[in-house]
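Colleague: Shown below is the structure under consideration.
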Amino acid sequence: MISINKVSQLYGGTQILWDLDLDIVPGSITCIMGRNGVGKTTLMKTIMGLLPIKSGEIRMGEDALHKQSAERRAYAGIGYVPQGRDIFPMLTVEENLRIGLPVRKSKEIPEKIFELFPVLKEMLHRRGGDLSGGQQQQLAIGRALVLEPKVLILDEPNEGIQPNIVKQIGDVILKLNAEEGLTVILIEQKLGFARRVGKEFRLMEKGRIVAADKMENLNDDLIKQYLAV
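Going letter by letter, the sequence shown gives residues 1 to 229 in the UniProt record's numbering.
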């Protein structure tokens with residue numbers, strides 16, 4: 001599905017990613033994990049084209065994503081929910097959701113969005129900035145799903161979110177993966193959530209992938225070595 005080969009990336013003169021290799025299996029839920037500052041968010045931004053790469057390549061199937069603009073990557077079928085949500089606070093919920101419609105053939109918001117997140121229908125005409133943090137996160141995920149993506153990237157979707165919304169987000173990820181085969185790439189710090197929804201894990205250290213396996217094989221030694229603070 002997505003293949004990253006020998007990608008290096010510089011940010012402000014500092015190298016963040018070092019010849020990084022990563023393969024995302026179609027239909028998987030892959031958790032990218034590691035301590036703060038190891039390059040997880042930078043990696044997601046390079047996949048989306050928000051940061052340039054110094055060398056290497058990023059492919060989705062036969063498409064060379066690293067040669068395409070961020071906009072074209074959305075058209076290729078990648079939905080992105082950045083850390084911090086980045087909704088438009090002065091636009092209504094409906095206006096936020098409609099931003100992704102030009103990528104779709106249909107120009108109507110899919111009813112599926114409101115089935116997954118009923119609160120968005122209830123607050124359709126409320127400004128995004130007036131929503132709670134959990135509601136804003138649901139809006140951010142809904143906005144990405146409007147694209148009907150093949151791959152959904154979520155960067156710490158549970159940061160600062162109340163437990164009932166965390167559970168709902170997990171349920172939505174599992175539902176979309178099971179029923180539609182949606183491929184999910186998830187940056188997640190909460191080990192319990194990662195184990196609940198993840199099928200695969202990739203551990204990062206100093207800008208590289210240092211461990212990769214099925215989620216059930218994430219053992220205490222790996223947690224102590226690469227995740228414990």
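Note that beta-carbon positions come from the ideal geometry of N, C-alpha and C, so glycine has one too.
Just reading off the alpha helix (DSSP H) that K122 is part of, what are its end residues?
Modeller: Translated into the one-based positions of the sequence shown, residue 122 becomes position 122. With the sequence shown as reference, residue 122 is identified as Glu, and Lys is not the correct amino acid for it. Run containing E122: P118 to E122, per the alpha helix (DSSP H) assignment.
Colleague: Excluding five sequence neighbours on each side, which residues of the same chain lie with their C-beta closer than 8 angstroms to the C-beta of L97?
Modeller: In the sequence shown, residue 97 corresponds to position 97, counting from 1. Excluding residues within five positions, the ones whose Cβ falls inside 8 angstroms are I109, I113, L120, L139, G142, R143 and V146.
Colleague: Just grab the DSSP bridge partners of L22 for me.
Modeller: Residue 22 sits at position 22 when you count from the first residue of the sequence shown. L22 is bridged to I4.
Colleague: Looking only at its chain, what residues have a beta carbon closer than 8 angstroms to the beta carbon of A70, apart from the 5 residues adjacent to it on each side?
Modeller: Counting from one through the sequence shown, the residue named residue 70 turns up at place 70. The residues are M48, G49 and L50.
Colleague: Report the three-state DSSP secondary structure of I87 (helix, strand or coil).
Modeller: Along the sequence shown, read from residue 1 onward, the residue named residue 87 stands at position 87. Here I87 sits in coil by DSSP.
Colleague: For the beta strand (DSSP E) that I187 lies in, which residues bound it at each end?
Modeller: As a position in the sequence shown, residue 187 is number 187, starting the count at 1. Where I187 is concerned, the enclosing beta strand (DSSP E) stretches over T183 to I187.
Colleague: Which of the three DSSP states is assigned to E200 in this structure?
Modeller: Along the sequence shown, read from residue 1 onward, the residue named residue 200 stands at position 200. In this structure, E200 counts as strand in the three-state DSSP scheme.
Colleague: Just verifying my parser: in three-state terms, what is the DSSP assignment at G128?
Modeller: Translated into the one-based positions of the sequence shown, residue 128 becomes position 128. In this structure, G128 counts as helix in the three-state DSSP scheme.
Colleague: State yes or no: is the C-beta of T183 within less than 8 angstroms of the C-beta of P26?
Modeller: By 1-based counting over the sequence shown, the position of residue 183 is 183. By 1-based counting over the sequence shown, the position of residue 26 is 26. Contact: yes.
Colleague: Taking the CB atoms as reference points, tell me whether D155 and V81 lie closer together than 8 angstroms.
Modeller: Position 155 of the sequence shown, counted from the first residue, corresponds to residue 155. Position 81 of the sequence shown, counted from the first residue, corresponds to residue 81. A contact, by the Cβ cut-off of 8 angstroms.
Colleague: Taking DSSP as the reference, what is the three-state secondary structure of L172?
Modeller: In the sequence shown, the residue the question calls residue 172 occupies position 172. The displayed chain sequence assigns Val, not Leu, to residue 172. Annotated three-state conformation of V172 is helix, per DSSP.
Colleague: With a threshold of 16 other CB atoms inside 10 Å of the CB of R72, please say whether the residue is buried or exposed.
Modeller: Indexing the sequence shown from 1 puts residue 72 at position 72. Exposed is the call here.
Colleague: DSSP beta-bridge partners for L17?
Modeller: As a first step, residue 17 is located in the sequence shown; it is residue number 17 there, counting from the start. L17 pairs with Q9.
Colleague: Using DSSP bridges, identify the partner residues of A74.
Modeller: In the sequence shown, residue 74 corresponds to position 74, counting from 1. Paired residue(s): none; A74 is not in a bridge.
Colleague: Could you tell me the alpha carbon to alpha carbon distance between E179 and A194, rounded to whole angstroms?
Modeller: The sequence position of residue 179 within the sequence shown is 179, counting from 1. The sequence position of residue 194 within the sequence shown is 194, counting from 1. Looking at the backbone, the Cα of E179 and that of A194 are separated by about 20 angstroms.
Colleague: CA-CA distance, C31 and I209?
Modeller: Walking along the sequence shown from the start, residue 31 turns up at place 31. Walking along the sequence shown from the start, residue 209 turns up at place 209. Distance between the alpha carbons of C31 and I209: 12 angstroms.
Colleague: Measure the Cβ-Cβ separation of K175 and G77 and say whether it is below 8 angstroms.
Modeller: Taking the sequence shown and counting its residues from 1, the one referred to as residue 175 is at position 175. Taking the sequence shown and counting its residues from 1, the one referred to as residue 77 is at position 77. Taking 8 angstroms as the Cβ cut-off, K175 and G77 do not qualify as a contacting pair.
Colleague: Would you call the CB atoms of V7 and I58 closer than 8 angstroms?
Modeller: Position 7 of the sequence shown, counted from the start, is the residue given in the question as residue 7. Position 58 of the sequence shown, counted from the start, is the residue given in the question as residue 58. Yes, they are a contact pair.
Colleague: Could you tell me which of I153, D23 and N217 sits nearest to G79, measuring between CA atoms?
Modeller: As a position in the sequence shown, residue 79 is number 79, starting the count at 1. For the residues I153, D23 and N217, the minimum Cα distance to G79 belongs to I153.
Colleague: Please state if the CB of F201 and the CB of D213 are separated by a distance shorter than 8 angstroms.
Modeller: One-based indexing of the sequence shown puts residue 213 at position 213. One-based indexing of the sequence shown puts residue 201 at position 201. A Cβ-Cβ contact shorter than 8 angstroms links D213 with F201.
Colleague: Below 8 angstroms on the Cβ atoms is my contact criterion, and I expect G39 with G198 to pass it. Report the Cβ-Cβ distance as a whole number of Å.
Modeller: The residue labelled residue 39 in the question sits at position 39 within the sequence shown. The residue labelled residue 198 in the question sits at position 198 within the sequence shown. That belief does not hold up - the Cβ atoms of G39 and G198 are roughly 19 angstroms apart, past 8 angstroms.
Colleague: Go to E57, then tell me how far its beta strand (DSSP E) extends in each direction, as first and last residue.
Modeller: What you label residue 57 is simply residue 57 of the sequence shown in a count that begins at 1. Start and end: S55 to M60.
Colleague: For K54, count neighbouring C-beta atoms within 10 Å of its own C-beta (all shown protein chains included) and say buried if the count is 16 or more, exposed if not.
Modeller: In the sequence shown, the residue the question calls residue 54 occupies position 54. Counting Cβ neighbours within 10 Å, K54 comes out exposed, since fewer than 16 surround it.
Colleague: Within this structure, are the beta carbons of R85 and Q136 separated by less than 8 angstroms?
Modeller: Your numbering for residue 85 matches position 85 in the sequence shown. Your numbering for residue 136 matches position 136 in the sequence shown. Closer than 8 angstroms, so yes.
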